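*Asks:* In terms of our numbering, the sequence shown opens at residue 28 and continues consecutively. For each residue, glycine too, the CB sits at the ideal point set by N, CA and C. Here the structure is a predicted model, which means the values were calculated and not measured.
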Amino acid sequence: MLSRRGFLASASVGLVGAQFAGAQARDYRIGMTDWNLGPVCDPTQLELAAQAGLAGVQVSVGSRPDFVPLREQAVRRQYLEAGKRFGIRFPSVAAGGILNRIPLKSEPQSAVYVIDALEAAAALGATNILVAFFSAGDLRLRDAQGEFLNRSDGPFASYEWDSAGVERVIAALKQIAPRARDLNVLLGLENTLTAEQNLEILERVDSPWVKVYYDVGNSTSYGYDVPTEIRRLGKDRICEIHIKETLGIDDPRKEILGGPQKGGVDFDAAAEAVREIGYEKWFVLELSGMEGRFVEDTQANVEFVRERFGV
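(1) Counting only the same chain and skipping the five closest in sequence on each side, list residues whose C-beta sits under 8 Å from that of valine 232.
(2) Check the DSSP bridge columns for arginine 215 and list the partner residues they point to.
(3) According to the neighbour-count rule (16 or more other Cβ atoms, all chains shown, within 10 Å of its Cβ), is aspartate 165 buried or exposed?
(4) Let me know the secondary structure DSSP gives methionine 28 once reduced to three states.
(5) Are there 16 or more other CB atoms within 10 angstroms of the CB of lysine 289, so buried, or fewer, so exposed?
(6) Does the region 181–193 come close enough to the region 113–127 that 3 or more CB-CB pairs lie under 8 Å?
(7) Could you tell me the alpha carbon to alpha carbon distance between valine 193 and asparagine 245, rounded to whole angstroms?
(8) With a threshold of 7 Å between beta-carbons, can alanine 159 be considered close to chain C, or not?
(9) I need the boundaries of the beta strand (DSSP E) containing glycine 83, first residue and last residue.
(10) Counting only runs that start and end within the region 66–129, where is the alpha helix (DSSP H) found for 4 or more residues in a row?
(11) Going straight from the alpha carbon of cysteine 266 to that of alanine 222, what length do you get?
(12) Quick check on the burial criterion: 16 or more other C-beta atoms within 10 angstroms. Buried or exposed for leucine 73?
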């Protein structure tokens with residue numbers, strides 16, 4: 028079965044390069060995370076992004092303390108040059124792989140990687156960064172057995188949060204927000220909390236430079252009411268939206284948006300809510316397509332988002 032790298036190797040690099048030389052940026056706002064596109068922090072992957080019909084790429088600042096390529100001016104220039112060549116823009120920079128291992132809720136050095144992402148975003152012309160809170164950085168409270176505490180008795184979940192961790196995050200964001208302002212780049216919080224909990228964090232940080240990075244697949248899988256959350260947050264508090272199916276459902280086509288699934292994302296309801304709030308920012312795909320079908324499946328997913336969300 029042909030891999031993504033195999034696909035690129037089998038093509039004529041010279042002919043493909045000529046095809047996209049001087050390409051114009053696509054007029055829609057649909058991108059993809061670089062970890063779904065290929066190796067993270069790799070500007071050569073922008074060629075594949077263009078082939079798949081993507082308009083943008085969310086670039087990772089790095090993946091571990093000893094691998095933060097976006098600190099380097101040379102790497103940033105490579106991205107900018109390749110972006111111009113293939114018509115690819117950079118809506119955001121992600122600080123995910125690092126912050127999920129070295130969380131902002133507990134490790135002081137994590138603030139350095141957030142600043143790295145802000146500076147890289149400013150250099151690439153991105154409007155925001157993704158500040159992740161998953162794995163070791165999860166802001167939900169665990170009980171003695173390691174289970175998250177769902178305090179809701181209704182149809183939608185509401186987990187108790189880790190108060191100590193949240194307090195540290197709020198304190199850190201208050202210190203980082205002025206730097207975001209100076210660089211004209213928003214801090215987008217992507218986490219496992221409800222919209223209401225995120226709104227409380229935003230209120231307490233009290234900075235217009237801190238927003239919510241919303242993920243329809245994650246929020247569905249956590250048991251949250253996605254359309255209601257989107258309306259509650261509104262267009263001014265959502266800086267960007269990740270698009271994918273739910274995590275862990277038993278469906279071999281979960282990499283294809285709108286494919287047959289049970290208990291997956293209600294994209295029609297989510298799209299209606301997005302239209303109601305007047306959201307006109309980027310949608311970023313966080314899925315790769317089925318094995319051996321990256322280009323075809325991504326093209327189909329781009330069209331799905333364009334049709335459903337009116338991009």
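*Replies:* Let me lay it out:
(1) Result list for valine 232: Ile197, Leu200, Lys201 and Ala204, in chain order.
(2) The residue asked about is misnamed: residue 215 is glycine in this sequence, not arginine. DSSP, once it has assigned bridges, lists Leu157 and Lys238 as partnering glycine 215.
(3) Classification of aspartate 165: buried, given that the 10 Å Cβ count is 16 or more.
(4) Confidence in methionine 28 is poor, its pLDDT being 40 and thus under 50, which makes the residue's placement too unreliable to answer from.
(5) Counting Cβ neighbours within 10 Å, lysine 289 comes out exposed, since fewer than 16 surround it.
(6) As far as the Cβ criterion goes, the region 113–127 does not touch the region 181–193, which means the pair count is below three.
(7) Answer to the nearest angstrom: the Cα atoms are 19 Å apart.
(8) Included in the structure is just one protein chain, with no chain C present.
(9) Residues 83–87.
(10) Within the region 66–129, the complete alpha helix (DSSP H) runs of at least 4 residues are 73–78 and 100–113.
(11) Cα to Cα, the separation comes out at about 13 Å.
(12) When all chains shown are included, leucine 73 counts as buried.
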